[in-house]
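Colleague: Just so you know, we're using UniProt numbering here: the sequence shown kicks off at 1 and counts up by one. One structure coming up, written as structure tokens, with questions to follow.
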Amino acid sequence: NDDDNGNNNNNNNNNNSSSSSSSSTVSVLSSFCQLIHSEVNALLTLLRVDSSRKRIVSASFFQSLHKGLKDYIQPVMVKLGGAMLVDFRIVNQDAPHEDKQRAVKVLVGVLYALFYLISCAGTRNAYRIAGLFSSEKAAMDRLLDLFCLLTIGIAVSVALRTAWPVMPMYLLLYFIMNVRRPVSVSQISELMGRERRATVMSVESLLVSIFVFVLAPILGVVANYVAIEAMFLAVGIGGLAVNYALLVGS
Numbered sequence: 001n002d003d004d005n006g007n008n009n010n011n012n013n014n015n016n017s018s019s020s021s022s023s024s025t026v027s028v029l030s031s032f033c034q035l036i037h038s039e040v041n042a043l044l045t046l047l048r049v050d051s052s053r054k055r056i057v058s059a060s061f062f063q064s065l066h067k068g069l070k071d072y073i074q075p076v077m078v079k080l081g082g083a084m085l086v087d088f089r090i091v092n093q094d095a096p097h098e099d100k101q102r103a104v105k106v107l108v109g110v111l112y113a114l115f116y117l118i119s120c121a122g123t124r125n126a127y128r129i130a131g132l133f134s135s136e137k138a139a140m141d142r143l144l145d146l147f148c149l150l151t152i153g154i155a156v157s158v159a160l161r162t163a164w165p166v167m168p169m170y171l172l173l174y175f176i177m178n179v180r181r182p183v184s185v186s187q188i189s190e191l192m193g194r195e196r197r198a199t200v201m202s203v204e205s206l207l208v209s210i211f212v213f214v215l216a217p218i219l220g221v222v223a224n225y226v227a228i229e230a231m232f233l234a235v236g237i238g239g240l241a242v243n244y245a246l247l248v249g250s
């Protein structure tokens with residue numbers, strides 16, 4: 001009898017612990033579902049409001065354009081690097097082809113080093129430059145305009161095989177990107193308060209991935225089957241069209 005009573009007590013304890021564990025699991029799942037529901041509703045509200053939608057889409061669209069273009073720096077340098085070195089009188093016109101190729105590789109390395117230095121300067125002075133505009137959103141709009149105009153300028157330079165303007169314009173592209181990024185982060189991080197800042201940044205990152213997923217193959221096809229300058233021209237004109245049609249304004 002004592003053994004039976006002991007077994008019954010053990011079974012009761014096991015049942016109690018199992019029910020307690022099940023209830024805690026249900027409670028956790030319920031809290032998680034409520035959290036997801038709350039976040040989704042907040043994000044839908046964010047995207048329904050014109051001003052907040054423009055901010056987050058503008059930030060992600062700009063990032064996707066930059067990500068799509070940065071892989072074409074080296075092909076342009078390879079295509080025009082020799083002429084650029086001759087224009088800057090770093091290499092003689094009559095220099096052997098091997099010497100020109102070696103100098104182009106050095107030029108690409110120097111260019112990337114300058115990109116990182118320019119990036120630091122742009123990030124450091126971002127808010128000082130943004131203060132020149134009427135608002136941070138106006139700064140985002142105008143910097144996207146300038147980015148697209150520089151892209152069109154690169155397209156024209158490559159098409160005309162005018163090498164010397166390409167490198168300064170590339171450096172300005174990187175400078176603009178690093179000026180605009182802190183301003184964009186400031187704008188979108190304020191949309192839903194501190195508690196949901198990570199959620200907003202995750203949405204922006206997701207939108208960047210979607211835009212790059214769509215844009216990258218298109219840019220690759222245009223660069224490979226039409227011309228690399230046509231790809232730059234399409235990005236510049238298309239970026240301006242999207243900005244003024246959908247993104248400009250508060």
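Where a beta carbon is used, it is the ideal one built from N, C-alpha and C, also for glycine. Computed from a prediction, not measured in an experiment: that's the story for all the values here.
Check Pro168 in the structure and name its three-state DSSP category.
Modeller: In the sequence shown, counting from the first residue as 1, residue 168 sits at position 168. Note: Pro168 maps to helix in three-state DSSP.
Colleague: Confirm the yes/no value for this check: CB of Trp164, any heavy atom of the ligand SAH, distance under 8 Å.
Modeller: For the ligand SAH, the structure offers nothing, since it holds no ligand at all.
Colleague: In the structure shown, what three-state DSSP assignment does Thr162 receive?
Modeller: For the purposes of this step, residue 162 is taken as residue 162 along the sequence shown, with counting starting at 1. Coil.
Colleague: Around the Cβ of Lys137, are there at least 16 other Cβ atoms within 10 angstroms (buried) or fewer (exposed)?
Modeller: Counting from one through the sequence shown, the residue named residue 137 turns up at place 137. The residue in question, Lys137, is buried, as its Cβ has 16 or more Cβ neighbours within 10 Å.
Colleague: So, using beta-carbon positions, are Ala245 and Val179 closer together than 9 Å?
Modeller: Within the sequence shown, numbered from 1, the residue matching residue 245 stands at position 245. Within the sequence shown, numbered from 1, the residue matching residue 179 stands at position 179. Contact: no.
Colleague: Can you tell me whether Ala113 is buried or exposed, with buried defined as 16 or more other CB within 10 angstroms of its CB?
Modeller: Mapped onto the sequence shown, residue 113 falls at position 113. Result: exposed.
Colleague: Would Gln101 be called buried (16 or more neighbouring beta carbons within 10 Å of its own) or exposed?
Modeller: If you number the sequence shown from 1, residue 101 lands on position 101. Exposed.
Colleague: How many angstroms separate the CA atom of Gly238 from the CA atom of Thr151?
Modeller: In the sequence shown, counting from the first residue as 1, residue 238 sits at position 238. In the sequence shown, counting from the first residue as 1, residue 151 sits at position 151. Their Cα atoms are separated by approximately 11 Å.
Colleague: Report, in whole angstroms, the separation of the C-beta atoms of Pro182 and Thr123, which I expect to be a contact under 8 Å.
Modeller: Numbered from 1 along the sequence shown, position 182 holds the residue referred to as residue 182. Numbered from 1 along the sequence shown, position 123 holds the residue referred to as residue 123. Contact holds; Cβ gap of about 6 Å.
Colleague: Determine the extent of the alpha helix (DSSP H) in which Asn224 is found, giving its start and end residues.
Modeller: For the purposes of this step, residue 224 is taken as residue 224 along the sequence shown, with counting starting at 1. Its alpha helix (DSSP H) spans residues Arg197 to Tyr225.
Colleague: Might you give, ordered along the chain, the residues of its own chain that have their beta carbon closer than 6 Å to the beta carbon of Asn243, omitting 5 neighbours on each side?
Modeller: The sequence position of residue 243 within the sequence shown is 243, counting from 1. Excluding residues within five positions, the ones whose Cβ falls inside 6 Å are Leu144.
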